[in-house]
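J.: Okay, handing you the structure first.
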Amino acid sequence: MIKLCRVDSRLVHGQTVFSWYPALKANAILVVSDEYAASKERIQALRIAKPADAKLIVKSVEDSIVALNGSAVDKYELIVVTGNVHDACEVARACPKITSVNLGGARPLGDSVKELGPAVRLSQSDINEIKKAMADGIEFEVRQVASEKKRIVTSFDL
10 MIKLCRVDSR LVHGQTVFSW YPALKANAIL VVSDEYAASK ERIQALRIAK PADAKLIVKS
70 VEDSIVALNG SAVDKYELIV VTGNVHDACE VARACPKITS VNLGGARPLG DSVKELGPAV
130 RLSQSDINEI KKAMADGIEF EVRQVASEKK RIVTSFDL
């Protein structure tokens with residue numbers, strides 16, 4: 010079961026490990042990243058950062074979509090983490106099991122034009138991607154840690 014789909018440019022770090030992972034009673038983390046999936050060194054760094062009891066899965070965007078639409082992920086209490094808005098929107102639009110995306114630590118791929126929170130900065134491209142995904146019925150919310158109040162992103166915020 011997918012417990013959370015999160016955008017965080019730092020991927021697996023303190024907020025994921027010490028806030029989201031225990032609060033959601035997760036047992037696995039899927040890192041969606043073409044770059045990380047292609048690098049044994051980066052995967053090893055993520056393994057060091059993950060909770061000791063967590064299963065870490067690192068897949069490309071395309072392979073993540075296939076896995077998330079299959080039944081294999083159903084045995085996990087899964088946190089899905091992407092490093093950018095583009096990858097999160099691509100995965101969310103392709104995976105009906107994902108109905109909400111948490112913006113927790115977004116750094117734009119281009120120039121920042123909009124700030125939604127202390128750690129969420131969006132480029133115009135990010136905003137366009139979010140608007141498309143919202144039109145498809147995907148909710149976006151801003152929170153860095155699980156204990157914060159959930160703030161839903163509306164079209165007026167963008």
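Residue numbers (this note's numbering): 10 to 167.
Even glycine gets a Cβ: it sits at the ideal position worked out from N, Cα and C.
1) Output the residue ranges of the beta strand (DSSP E) runs that lie fully inside the region 86-156 and measure 3 residues or longer, sorted by chain position.
2) Would you give the residue range spanned by the beta strand (DSSP E) that residue 17 belongs to?
3) What does the Cβ neighbour count give for residue 42, buried or exposed, with the cut at 16 atoms within 10 Å?
4) Span of the alpha helix (DSSP H) holding residue 49?
5) Distance check for residue 72 and residue 48, CA to CA, integer angstroms please.
6) For residue 68, which beta-bridge partners are listed by DSSP?
7) Considering only C-alpha positions, which residue in the set 135, 59, 128 and 108 is nearest to residue 120?
8) With C-beta atoms as the reference, is residue 70 less than 8 angstroms away from residue 15?
9) Below 8 angstroms between beta carbons: does that hold for residue 137 and residue 104?
10) Just how far apart, CA to CA, sit residue 46 and residue 85?
T.: Here's the rundown:
1) 87-91, 109-114, 123-126, 129-131 and 148-151
2) 11-17
3) buried
4) 49-58
5) 15 angstroms
6) 41
7) 135
8) no
9) no
10) 20 angstroms
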